[in-house]
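Asker: From first to last, the protein sequence lines stand for chains A, B and C. With this note's numbering applied, the first sequence covers 73 to 327. With this note's numbering applied, the second sequence covers 395 to 687. With this note's numbering applied, the third sequence covers 4 to 290. Cβ coordinates follow ideal geometry from the N, Cα and C atoms, glycine included.
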Amino acid sequence: MTDVTPLLTAENVGFGYGRSRPVLADVSLAVAPGASLGLVGESGAGKTTLLRLLLGLEAPTAGVVRFDGGRLDVRDRRAMRRFRRAVQPVYQDPFSSLDPRMTVGRSIAEPLRSLQIEGDHRARVAELLAAVGLSAEAADRYPDAFSGGQRQRIAIARALAPRPRLLLADEPVSALDTSVRMTVIELLQRLAREQGIGFLLVSHDLTIVSALCERMAVLESGRIVEEGPTGSVLTAPAHPYTRRLIASVPRLPAV
Amino acid sequence: MTAAAMTGLLELAALSVRVGGPEPRTLVHGVDVSLAPGERLGIIGESGSGKSLTALAVLGLLPYPLVAGGSARIATPDGVVDVVGTPARRLDRVRGAIVSAVFQEPLASLDPLMRIGRQLEWPLRRHRGLRGDELRRAVLDALAEVQLAEPERIARSYIHEISGGQRQRVAIALALAADPQLLIADEPTTALDVTVQAGIIELLQREVTDRGMSLLFISHDLPVLAGIADRVLVMKDGRQVELGATAQILRAPADPYTAQLVAASRRLDEFLPVQGGAGAPDAAGAPGEEAGA
Amino acid sequence: MTAVTLPVTTPPPARPRRRRSVNLAVGAVLFGVIAVVGIVSVFWTPFAFDDTEGGRLQPPSAEHWAGTDRLGRDLFTQLMIGARLALAVGFGSVSIAAVVGISLGLLAAVARRWVDDAVSSLLDIAIAFPTLLLAMLIVAWRGASLESAILAIGLAGAAVIARLTRVTATRVLAQDFVTASRTSGTGTVGVIRQHVLRNVWPTLIVPLALQFGGAVGAEASLSYLGLGSPPPNASWGRMLQEAQSTVLVAPTAAVLPGILLVALIIGVNLLADGLRDVADPTSRSIR
Chain A
73 MTDVTPLLTA ENVGFGYGRS RPVLADVSLA VAPGASLGLV GESGAGKTTL
123 LRLLLGLEAP TAGVVRFDGG RLDVRDRRAM RRFRRAVQPV YQDPFSSLDP
173 RMTVGRSIAE PLRSLQIEGD HRARVAELLA AVGLSAEAAD RYPDAFSGGQ
223 RQRIAIARAL APRPRLLLAD EPVSALDTSV RMTVIELLQR LAREQGIGFL
273 LVSHDLTIVS ALCERMAVLE SGRIVEEGPT GSVLTAPAHP YTRRLIASVP
323 RLPAV
Chain B
395 MTAAAMTGLL ELAALSVRVG GPEPRTLVHG VDVSLAPGER LGIIGESGSG
445 KSLTALAVLG LLPYPLVAGG SARIATPDGV VDVVGTPARR LDRVRGAIVS
495 AVFQEPLASL DPLMRIGRQL EWPLRRHRGL RGDELRRAVL DALAEVQLAE
545 PERIARSYIH EISGGQRQRV AIALALAADP QLLIADEPTT ALDVTVQAGI
595 IELLQREVTD RGMSLLFISH DLPVLAGIAD RVLVMKDGRQ VELGATAQIL
645 RAPADPYTAQ LVAASRRLDE FLPVQGGAGA PDAAGAPGEE AGA
Chain C
4 MTAVTLPVTT PPPARPRRRR SVNLAVGAVL FGVIAVVGIV SVFWTPFAFD
54 DTEGGRLQPP SAEHWAGTDR LGRDLFTQLM IGARLALAVG FGSVSIAAVV
104 GISLGLLAAV ARRWVDDAVS SLLDIAIAFP TLLLAMLIVA WRGASLESAI
154 LAIGLAGAAV IARLTRVTAT RVLAQDFVTA SRTSGTGTVG VIRQHVLRNV
204 WPTLIVPLAL QFGGAVGAEA SLSYLGLGSP PPNASWGRML QEAQSTVLVA
254 PTAAVLPGIL LVALIIGVNL LADGLRDVAD PTSRSIR
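1. Short of 6 Å in beta carbon distance, which residues of its chain neighbour Arg-290/C, apart from the five on each side in sequence? Order them along the chain.
2. Please list, in chain order, all residues of the same chain as Thr-314/A whose beta carbon is under 6 Å from its beta carbon, the five residues on each side excluded.
3. Show which residues of chain C have a CB atom less than 8 Å away from the CB atom of Asp-140/A.
4. Could you name the residues of chain A that Phe-50/C contacts, counting a contact when the two beta carbons are closer than 8 Å?
5. Whose C-beta lies closer than 6 Å to the C-beta of Asn-202/C among residues of the same chain, with five residues either side of it excluded?
6. Considering Cα atoms alone, identify which of Cys-285/A, Pro-322/A, Ile-296/A is closest to Ser-304/A.
7. With His-423/B as the anchor, note down where its beta strand (DSSP E) starts and where it stops.
8. Output the distance between the C-alpha atoms of Ala-491/B and Arg-520/B, rounded to the nearest integer angstrom.
9. What is the DSSP secondary structure of Pro-545/B, counted as helix, strand or coil?
10. Quick one: which unbroken alpha helix (DSSP H) runs of 4-plus residues sit fully inside the segment 101-140 of chain A? Chain order, please.
11. Given that Arg-196/C touches chain A, what residues does it touch there, using C-beta distances under 8 Å?
12. Assuming the contact rule is C-beta atoms closer than 8 Å, Glu-222/C and Ile-156/C should be a hit. Round their C-beta distance to whole Å, please.
13. Leaving out five residues before and five after Val-699/B in sequence, what residues of the same chain have Cβ atoms less than 6 Å from its Cβ?
14. Please classify Asn-236/C: does DSSP put it in a helix, a strand, or coil?
15. Hey, is Asp-148/A's beta-carbon within less than 8 Å of any beta-carbon in chain C?
16. Could you check what DSSP says for Phe-271/A in three-state terms: helix, strand or coil?
17. Determine the burial state of Tyr-163/A: buried for a count of at least 16 other Cβ atoms within 10 Å of its Cβ, exposed for fewer.
18. So Leu-534/B and Pro-517/B are supposed to be a Cβ contact under 8 Å. How far apart are they, rounded?
19. Of all the alpha helix (DSSP H) runs that stay within the bounds of the segment 156-234 of chain A, which reach a length of 4 or more residues?
20. The beta strand (DSSP E) with Gly-439/B in it runs from where to where?
21. How would you label Leu-357/B, buried or exposed, when you count the other beta carbons within 10 angstroms and need 16 or more for buried?
22. By Cβ distance below 6 Å, which residues in the same chain neighbour Thr-48/C in space, the five residues on each side in sequence not counted?
23. Hey, is the segment 611-629 of chain B in contact with the segment 646-663 of chain B, meaning 3+ C-beta pairs nearer than 8 Å?
24. Determine the closest residue to Glu-581/B out of Ser-608/B, Tyr-552/B, Thr-603/B, Leu-616/B, with distance taken between C-alpha atoms.
25. Ala-138/C versus chain A: which residues are under 7 Å apart at the beta carbon?
26. Within a Cβ cutoff of 6 Å, which residues of the same chain sit near Gly-30/C, ignoring the five residues on either side of it in sequence?
27. Is there a C-beta anywhere in chain A that falls below 8 Å from the one on Phe-611/B?
28. Under DSSP, the alpha helix (DSSP H) around Ala-620/B begins and ends at which residues?
29. Who are the neighbours of Tyr-163/A on chain C, taking C-beta pairs under 9 Å?
30. Quick one: is Met-254/A near chain B, going by C-beta distance under 8 Å?
31. Measuring CA to CA, which of Leu-109/A, Ala-97/A, Arg-91/A, Phe-87/A is closest to Pro-78/A?
32. Output yes or no for whether 8 Å exceeds the beta carbon distance between Leu-213/C and Trp-239/C.
33. I'd like to know whether the C-beta of Glu-683/B is nearer than 8 Å to at least one C-beta of chain A.
34. Measure the alpha-carbon distance for Val-194/C versus Ala-111/C and round it to whole angstroms.
35. Taking the C-alpha atoms as reference points, what is the distance between Phe-46/C and Ala-91/C?
36. Quick one: grab the DSSP three-state call for Phe-87/A.
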């Protein structure tokens, strides 16, 4: 545990609709600046809901979400703007995360416009495209000219536009072909190394969590059942669900 | 290739898939492979490789305006049938009884408006000629065989009332109802949670072994395929790129694309701890993995 | 979970290309010719509208190209003015339908549940209400005039557009890129302006174009019933009604307005089909 204020925390967060069983219950986690946390869970675990809460798109029905120590309040516009500059999402489906009727350049520059970030937007877009390994001409094309992996890189470029300190990624490579996954994983690793960007990665795929996150937590039916350094959890899982999860991953036979 | 008797169960020769019309395009450029009874063949390819279209061509289920070329010959008790060029009515006798399929999304391949028991009755009544009590018992037996607990409850349910893994088991039961000799599974576990995947793959393996069936397993995921297929056919952009024994493909791929695919899979696999270090002893995993301590 | 794919692998997306469309060509010609005639009528017609020197119910001649009506007025002039009127009705009511419809639809899509429910119920009632009946009510209230007709037809059409907008906008709002937009700091208005509108309007092109044809037909019906705009506005519908009693003596007066009405409506419909062929080749019409 460091004594630096964590960048993003959930404190005993719960979410539910009325009387039925809550989607999330008593979830607590913290991401330190520059650190990475993987959240592993299958469908129905509540990952998507937790992400929405951490992005300030919904308010928890119990508990608190904090950004930089302060409570996340959707109504405080200035605070939200600071939050949005610092925390940005990357979505799973590269085909629906970009507006098909907007040029790539305009999509990437949208955070710059909406968060009123000064400077030459066009130059910044070119810089961002270069950072994700795409040429500057891509800015004038439409998303349908690009492959899934390229679109995901464009989505990452957009997330990087306001110079965030934390990326919240929801299954960022699950929809991509195998040969393309490494490219995106390596890109994210490089960003973490060179720019000190942290990740909160939500996935059912232990591979990417292992590749990018120092710490991981396992979510089952809305509760965190295990948490710890990724290496330890994967080699010596304590909770039976975690063990089942690890054992279920198809492995390449050794040759 | 002569028109004489086949040795295997399935023989694909220059199988192709084309789109006609104002802008003709070839989507699958010619697949050559044969499958012996009891053999398990995996087809691996990324998006756009044409692997699913190949499966549909073998089933004679290509949607308009796609059209198959070449030949896909299947050995049936009534002689050899070439799916390409055979009228749909004749193929009805082949599908279900000789060749059957399980697809990726059971919500799309099962009838949402019919109770599960009734859906199973159709092939059982048609292909095995069962009626009345015998039929009902056969339905429950079929559901029990795919390891669904409470077969009576499942038989009474609609597909949206059960989980994804259960649905896929129902789809498998349906596919096996007429006792086919070849099962085609197109990404059967891709839409499922990883803890459920292992169970489904184990079920498929057991059924195929117990019934002496052949299996055509299609996937984009090499570790999954490696765990179930004896031979692997690699496809890229509609073309057949390599065909060989699984172990050979993994150890020494001949084609550069295959090599790249294997290398990428291996790098991803290496992020996870060495096998044998974790995992409950009772969980199913890839062959070659030692049970955890 | 990975994105769900159905058992068919979609072929790689075709590069967008201008498609030649017979529908578009024929529709454009029909519509274009009539539109030109209507526009020209603003500046020039062979005769003044109420010039009754020609003699009653004359057949077509070198002087009166389409003959004269029962009051001796030149028919060709009336047909030209009718074209202008039809265009005015078409554009006018479609504009009203678009503005009112899209606004209501967007409101229902972004507002709270109860607002959405209220608006949807309102729309359901409006759609169930027969256009012509609504038109007659408005005409009874405001008196027969071109504006009344356009207002009535436009409002009737707005309901359909509103419902379509609501459905499409809801679908767009559920997309990841809208969520991404919100987390980029964009507010609801910004989201609508930057993302929703441009993804919704293609779906509306064809219905609006079809409403144009419907509006022309509706106005003709109103005029036929005597509820349309009074002279000197010459509606093809009114011409049909006037020519009814003398159809055996002077067939031209009855047939020509009918032909033009049919031509314009078919032309607009083909144009709508053609626009869809060109804009969205995946939903090709049966040809």
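Answerer: Walking through what the data contain:
1. Here residue 290/C refers to the residue found at position 287 when the third sequence is read from its first residue. Because the pLDDT at Arg-290/C is just 31, under 50, the model does not fix this residue reliably, and the value given afterwards should be weighed accordingly. So no residue of the chain qualifies.
2. Indexing the first sequence from 1 puts residue 314/A at position 242. Val-290, Glu-298.
3. Within the first sequence, residue 140/A is the residue found at index 68, counting from 1. Those within 8 Å of Asp-140/A in chain C number zero; the least Cβ separation is about 17 Å.
4. Counting from one through the third sequence, the residue named residue 50/C turns up at place 47. By Cβ distance, chain A contributes nothing, its closest Cβ being about 50 Å from Phe-50/C, past 8 Å.
5. Against the third sequence, residue 202/C aligns to sequence position 199. Contacts found: Val-175.
6. On the first sequence, residue 304/A is found 232 positions in, with the first residue counted as 1. Comparing Cα-Cα distances from Ser-304/A to each of Cys-285/A, Pro-322/A, Ile-296/A, the minimum goes to Cys-285/A.
7. In the second sequence, residue 423/B corresponds to position 29, counting from 1. Looking at the DSSP string, the run of the beta strand (DSSP E) that includes His-423/B is 419-429.
8. Against the second sequence, residue 491/B aligns to sequence position 97. Against the second sequence, residue 520/B aligns to sequence position 126. Each residue's alpha carbon lies about 10 Å from the other.
9. Walking along the second sequence from the start, residue 545/B turns up at place 151. Of the three classes helix, strand and coil, the one that applies to Pro-545/B here is helix, per DSSP.
10. 119-126
11. Against the third sequence, residue 196/C aligns to sequence position 193. Here the premise fails: no neighbours, minimum Cβ distance about 11 Å.
12. Counting from one through the third sequence, the residue named residue 222/C turns up at place 219. Counting from one through the third sequence, the residue named residue 156/C turns up at place 153. At roughly 7 Å, the Cβ-Cβ gap stays under 8 Å, so Glu-222/C and Ile-156/C are in contact.
13. Nothing about residue 699/B can be reported from this structure: the residues present for chain B run from 395 to 687 only.
14. Taking the third sequence and counting its residues from 1, one reaches residue 236/C at position 233. In the structure shown, Asn-236/C sits in coil (DSSP, three-state: anything other than H, G, I, E or B).
15. Along the first sequence, one-based indexing puts residue 148/A at 76. No, because no Cβ of chain C sits closer than 8 Å to the Cβ of Asp-148/A.
16. Counting from one through the first sequence, the residue named residue 271/A turns up at place 199. Here Phe-271/A sits in strand by DSSP.
17. In the first sequence, residue 163/A corresponds to position 91, counting from 1. Buried.
18. Residue 534/B sits at position 140 when you count from the first residue of the second sequence. Residue 517/B sits at position 123 when you count from the first residue of the second sequence. In fact, because the Cβ distance is near 15 Å, the residues do not count as touching under 8 Å.
19. 176-186, 193-203, 220-232
20. Along the second sequence, read from residue 1 onward, the residue named residue 439/B stands at position 45. Start and end: 434-439.
21. Beyond the ends of chain B as shown, which are 395 and 687, falls residue 357/B; an answer cannot be given.
22. Counted from its first residue, the third sequence places residue 48/C at position 45. Cβ within range, chain order: Thr-80, Met-83.
23. yes
24. Counting from one through the second sequence, the residue named residue 581/B turns up at place 187. Out of Ser-608/B, Tyr-552/B, Thr-603/B, Leu-616/B, Leu-616/B has the C-alpha closest to the C-alpha of Glu-581/B.
25. As a first step, residue 138/C is located in the third sequence; it is residue number 135 there, counting from the start. Within chain A, no residue comes near Ala-138/C; the closest Cβ sits about 36 Å away, beyond 7 Å.
26. The sequence position of residue 30/C within the third sequence is 27, counting from 1. Contacts found: Gly-270, Leu-273, Leu-274, Gly-277.
27. The residue given as residue 611/B occupies position 217 in the second sequence. Judged by the 8 Å Cβ criterion, Phe-611/B is not in contact with chain A.
28. For the purposes of this step, residue 620/B is taken as residue 226 along the second sequence, with counting starting at 1. Ala-620/B -> alpha helix (DSSP H) spans 616-620.
29. The residue given as residue 163/A occupies position 91 in the first sequence. Near Tyr-163/A (Cβ distances below 9 Å), the residues of chain C are Asp-179, Phe-180, Thr-182, Ala-183.
30. Mapped onto the first sequence, residue 254/A falls at position 182. Cβ-Cβ to chain B under 8 Å: yes for Met-254/A.
31. Within the first sequence, numbered from 1, the residue matching residue 78/A stands at position 6. Nearest of Leu-109/A, Ala-97/A, Arg-91/A, Phe-87/A to Pro-78/A, Cα basis: Leu-109/A.
32. Indexing the third sequence from 1 puts residue 213/C at position 210. Indexing the third sequence from 1 puts residue 239/C at position 236. Not a contact, by the Cβ cut-off of 8 Å.
33. Position 289 of the second sequence holds residue 683/B. Because Glu-683/B carries a pLDDT of 36, less than 50, the predicted location of this residue cannot be relied on, and no value is offered for it.
34. Along the third sequence, one-based indexing puts residue 194/C at 191. Along the third sequence, one-based indexing puts residue 111/C at 108. The alpha-carbon atoms of Val-194/C and Ala-111/C are separated by roughly 15 Å.
35. Looking up residue 46/C in the third sequence gives position 43. Looking up residue 91/C in the third sequence gives position 88. Looking at the two C-alpha atoms, the distance is approximately 16 Å.
36. Along the first sequence, one-based indexing puts residue 87/A at 15. Strand at Phe-87/A.
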